[in-house]
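Beneath this line is the structure, given in structure tokens, with notes to follow.
There are 2 protein chains.
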Amino acid sequence: MDTRGRMLDAAAHVMRTKGLARATTKEIARESGFSEAALYKHFRDKTDLFLAVLRERAPGHLPELLAALAEQPGRGNLRANLLEVARTAIEFYTETFPMAASIFSEPALLAAHRGALTERGVGPQHVREALARYLANAKADGDLGPDADPEAAAALLLGACFMQAFLGNFTNEAGPSPEALVDALLTRQCA
Amino acid sequence: MDTRGRMLDAAAHVMRTKGLARATTKEIARESGFSEAALYKHFRDKTDLFLAVLRERAPGHLPELLAALAEQPGRGNLRANLLEVARTAIEFYTETFPMAASIFSEPALLAAHRGALTERGVGPQHVREALARYLANAKADGDLGPDADPEAAAALLLGACFMQAFLGNFTNEAGPSPEALVDALLTRQCA
DNA sequence: GTCTATACTCGGATAGAC
DNA sequence: GTCTATCCGAGTATAGAC
């Protein structure tokens, strides 16, 4: 691994374990094994370093899974696929949440990160849109009923996973299983 | 309003508008119209001040609404009640999210806040549990079907509202309406 | 109870040598 | 490319007068 890569790893590790507020250049330099001055040879300033971490050290399994699903409409079992989405989403959001939440404490960093995501055409909305497209295909194939609402169903399932991840990070209380969430989404709730 | 109250208001305002990272004692003192020294006469330290803000300046309409619903099981129309819950939840989470997210950047403050909530027997899990209890009553009254899962349904609806609030704070994209979410929850989705 | 003034610490960033 | 040494500013907290 090259110097820059080790700096990014160190920064990501400190950000996750100590929190964004304690992620200082001194701490990151110590953890990476380089001096503070060296950091500034590879990154313009602290914000530049943080944005690089957010860009290059973000887990990607959820977007990848949804991209894979989108390319195989109708293939496989709907419930099984949604179950995998739910499990992957909970894991993904659980990993991502602490850092994503942290940047709300620094509006300038938040705005810069949002801009970077927009520029690359990615971001949290796109995950929901990808799942909605998959569900729309499932509806066209007859795997979902004629009254189904792909957009809303995607929002319900991913929202529950997102909140599950939040609650897991905040308290350690479990909540409904992925199976229960998917079944509640697909089962008739009303009388 | 007394001195202490004005200090809390100023702190809450700065925390919301400038972000937790820029919520300094200097800034809060300036905004409140008092000196920094005066702050330390009313609060032991900065953490004590922040915890007081989280405790005494948190919006309460969602917990209140759910408490009211719990006391009137079966009363009123299920769909209308869920719609009110969804609207209130989106508004509540939208207001709360930036500050709640912020404190993830300071693990010490996060732990202290979690402890304070636990001690008072409140917290985000209890909102979900309250809605689940209301839905369980609705099921007992026959307003929900025999296959309905109150816990999972509550997690789906509140989760979607929670994520809606997050997305609204992050980008400004709208997403499904409260009506669409409630209907998708109550309508049969599967074929 | 509130102020002014100040002590102290820490974090971001740079200069200059090697 | 990396280090050592250092500067500067900002932020928390306190002392002491009124």
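Chains as they are written, first to last, in the numbering used here: chain Y, 1 to 191; chain B, 1001 to 1191. Using N, Cα and C, we set each Cβ at its ideal position, and we do this for glycine too.
Query, Result
"Give the residues of chain Y in contact with Glu1151 (chain B), contact being defined as C-beta atoms less than 9 angstroms apart.", "Gly175, Pro176, Ala180, Ala184"
"Counting only beta-carbon separations shorter than 7 angstroms, does Leu1131 (chain B) have a partner in chain Y?", "no"
"Can you tell which of Y:Glu91, Y:Thr96, Y:Leu65, Y:Leu109 has its C-alpha closest to the C-alpha of Pro178 (chain Y)?", "Y:Glu91"
"For Gln72 (chain Y), return the contacting residues in chain B, with the cut-off set at a CB-CB distance below 9 angstroms.", "The contacting residues do not exist; Gln72 (chain Y) stays about 19 angstroms from chain B at best."
"Can you give the Cα-Cα distance for Ala1155 (chain B) and Arg1114 (chain B), rounded to whole angstroms?", "20 angstroms"
"Since I believe Leu158 (chain Y) is in contact with Met1163 (chain B) (beta carbons under 8 angstroms), could you give me their beta-carbon distance rounded to a whole number of angstroms?", "6 angstroms"
"Which residues, in order along the segment 25–59 of chain Y, keep a beta-carbon less than 7 angstroms from a beta-carbon of chain B?", "none"
"Count the other CB atoms within 10 Å of the CB of Gly142 (chain Y); is the residue buried (16 or more) or exposed (fewer)?", "exposed"
"Compare the C-beta of Glu1106 (chain B) with all C-beta atoms of chain Y and state if any pair is closer than 7 angstroms.", "yes"
"Short of 7 angstroms in beta carbon distance, which residues of its chain neighbour Leu135 (chain Y), apart from the five on each side in sequence? Order them along the chain.", "Leu144, Pro150, Ala153, Ala154"
"Counting only beta-carbon separations shorter than 7 angstroms, does Arg188 (chain Y) have a partner in chain B?", "yes"
"Which residue spans inside the segment 1093–1152 of chain B form an unbroken alpha helix (DSSP H) run of at least 4?", "1107–1120, 1124–1140"
"Are the C-beta atoms of Phe1162 (chain B) and some chain Y residue less than 7 angstroms apart?", "yes"
"Counting only beta-carbon atoms, is Gly1005 (chain B) nearer than 7 angstroms to chain Y?", "no"
"On the three-pair Cβ rule with 8 angstroms, is the segment 95–108 of chain Y touching the segment 13–28 of chain Y?", "yes"
"Under a CB-based cut-off of 7 angstroms, is Pro98 (chain Y) close to chain B?", "yes"
"Check whether the Cβ atoms of Ile1028 (chain B) and Ala1052 (chain B) lie closer than 7 angstroms to each other.", "no"
"Cβ closer than 9 angstroms: which chain B residues qualify as neighbours of Phe92 (chain Y)?", "None at all; the shortest Cβ gap to chain B is about 13 angstroms."
"Against chain Y, with Cβ distances strictly below 7 angstroms, would Gly1121 (chain B) count as a contact?", "no"
"So which of Y:Asn77, Y:His13, Y:Asn169, Y:Val14 has the shortest CA-CA distance to Ala138 (chain Y)?", "Y:Asn77"
"Could you compute how far the alpha carbon of Phe170 (chain Y) sits from the alpha carbon of Ala116 (chain Y)?", "28 angstroms"
"For Leu181 (chain Y) and Ala86 (chain Y), which I take to be in contact (beta-carbon distance under 8 angstroms), what is that distance rounded to the nearest angstrom?", "6 angstroms"
"Using the beta-carbon of each residue, which ones in chain Y are nearer than 9 angstroms to Pro1124 (chain B)?", "Met163, Phe166, Leu167, Phe170, Thr171"
"Report the residues of the segment 1013–1025 of chain B with a CB closer than 8 angstroms to any CB of chain Y, ordered along the chain.", "Lys1018, Gly1019, Leu1020, Ala1021, Arg1022"
"When DSSP builds the beta bridges, which residues end up paired with Cys190 (chain Y)?", "B:Leu1144"
"Determine the DSSP secondary structure at Asp2 (chain Y), reduced to helix, strand or coil.", "coil"
"So is Asp1143 (chain B) in contact with chain Y if we call contact Cβ pairs under 7 angstroms?", "yes"
"Please classify Met1015 (chain B) as buried or exposed, where buried requires at least 16 other C-beta atoms within 10 Å of its C-beta.", "buried"
"Cβ atoms of Ala12 (chain Y) and Arg57 (chain Y): under 7 angstroms apart, would you say?", "yes"
"Excluding five sequence neighbours on each side, which residues of the same chain lie with their C-beta closer than 8 angstroms to the C-beta of Val1122 (chain B)?", "Pro1063"
"For the alpha helix (DSSP H) containing Arg55 (chain Y), name the first residue and the last one.", "46–56"
"Strictly below 9 angstroms CB to CB, what residues from chain B border Leu158 (chain Y)?", "Gly1159, Ala1160, Met1163"
"Please classify Pro63 (chain Y): does DSSP put it in a helix, a strand, or coil?", "helix"
"Using a Cβ cut-off of 8 angstroms, pull out every chain B residue sitting near Arg114 (chain Y), in sequence order please.", "Phe1170, Thr1171"
"In or out: Leu7 (chain Y) buried (at least 16 other Cβ within 10 Å) or exposed?", "Before going on, a small fix: residue 7 (chain Y) reads as Met here, not Leu. By the neighbour-count rule (16 or more Cβ atoms within 10 Å), Met7 (chain Y) is buried."
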